[in-house]
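K.L.:
Numbering (my numbering), first residue to last: -17 to 330. Note that the Cβ used here is the ideal one computed from N, Cα and C, for glycine as well. Small disclaimer: the values here were computed from a predicted structure and weren't measured.
#1: Could I get the ranges of all uninterrupted alpha helix (DSSP H) runs contained in the region 170 to 234, with 4 residues as the minimum, in chain order?
#2: Of the choices 68, 55 and 39, whose alpha-carbon is the least far from that of residue 99?
#3: What's the gap between the Cα of residue 16 and the Cα of residue 22?
#4: Leaving out five residues before and five after residue 179 in sequence, what residues of the same chain have Cβ atoms less than 6 Å from its Cβ?
#5: Looking at the structure shown, is residue 164 part of a helix, part of a strand, or coil, going by DSSP?
#6: Could you work out which residue in 200, 172, 253 and 235 is closest to residue -4 when comparing CA atoms only?
#7: Check each candidate in 53, 282, 25 and 162 and name the one with the smallest Cα separation from residue 111.
#8: Under three-state DSSP, which class holds residue 323?
#9: Within the continuous alpha helix (DSSP H) that includes residue 100, where are the two ends?
#10: Quick one, which of 89, 211 and 65 has its alpha-carbon nearest residue 279's?
#11: Could you tell me which whole alpha helix (DSSP H) segments of length 4 or greater appear in the region 233 to 266?
#12: Please classify residue 293 as buried or exposed, where buried requires at least 16 neighbouring CB atoms within 10 angstroms.
#13: Consult DSSP for residue 43 and reduce its assignment to one of helix, strand or coil.
#14: Throw me the rounded Cβ distance for the residue 96 and residue 199 pair, which I believe falls under 8 Å.
#15: Pull up the distance between the alpha-carbon of residue 269 and that of residue 312, whole angstroms please.
#16: Please list the terminal residues of the continuous alpha helix (DSSP H) segment that includes residue 272.
#17: According to DSSP, is residue 291 part of a helix, a strand, or is it coil?
#18: Mapping DSSP to helix, strand and coil, what is residue 90?
#19: The beta strand (DSSP E) spanning residue -10 covers which residue range?
#20: Alpha carbons only, please: which of 182, 127, 291 and 300 is nearest the one belonging to residue 327?
#21: Who are residue 120's beta bridge partners in DSSP?
#22: Does residue 225 pass the burial test, meaning 16 or more other C-beta atoms within 10 Å, or should it be called exposed?
#23: Who does residue 11 pair with in a DSSP beta bridge?
Here it is in structure tokens:
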């Protein structure tokens, strides 16, 4: 009997790549998603998951529902016997969170509290949580390790992730039966090497690399670089970019860790390398063979100058390490963009 894993928000960018890795690793994923970050394909299935099925030859069970819909969640847990939950569902745009803090707290906090309550009721006490390096706030030192202070977050998105981390840690302390792995992502980019699935932001991309690739393909005129007066080598923001396939594999490693009755564990998922905005533009120009015009605009509220990981704890305890470098991230991203100029709306 294959082990069932509930994947909340599993039709989105990281979720869909993780569902693919779950299938490849022999798990049986059940995905719930409300299409906030996904396109509807044929048969009311998210297009991302329809393509995952094609790539793997395995079927994916999908339920269209919202993380805030308590009755639907209850029904889902009555219907299935889950080994664990991988929790992606939530709002995720840093800039938007500054404008709409209550939306972020409602969806991210209330949604997670309801999920944890229902998991407890049904005795499903194994969780992998999609957290973020934003919990570190302005770095006091670099590279960031898991012991770096958290909570000095510069935006409501980061604060929501921090509060959820605290809640899960409290829950694990209160009930020894709980096991949780909190994964602090750095900056996911790239796409599955097939070019069949990738990141397809709805509306204007909030993250650098999908915007850069849309400029390269001609969907957008120029890239806005938010500030070139940071205390970095070229004045632009430095981030730790990680290939989404490496990130997805980190979730498989986390599921294995849960089986050790690990209590609550926290890991950075990053490469340990920091690249600036302009370095990423150059890398994408190299991968695509296209010139990427950009203009410098004002800094974006809530952004930090530099942020990159010390990923050694994940290597030591999860046996996980990022294997795919910058060139591969850009090549795979460009293949996805070129094959799907309109994202998942592109007709095969």
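P.N.:
Per the coordinate set shown:
#1: 190 to 199
#2: 55
#3: 10 Å
#4: -2, 30 and 33
#5: strand
#6: 172
#7: 162
#8: coil
#9: 93 to 103
#10: 211
#11: none
#12: buried
#13: strand
#14: That belief does not hold up - the Cβ atoms of residue 96 and residue 199 are roughly 40 Å apart, past 8 Å.
#15: 6 Å
#16: Where residue 272 is concerned, there is no enclosing alpha helix (DSSP H), given that its DSSP letter is neither H nor E.
#17: strand
#18: helix
#19: -14 to -10
#20: 182
#21: Looking at the DSSP assignment, residue 120 forms no beta bridge with any residue, so it has no partner.
#22: buried
#23: -13
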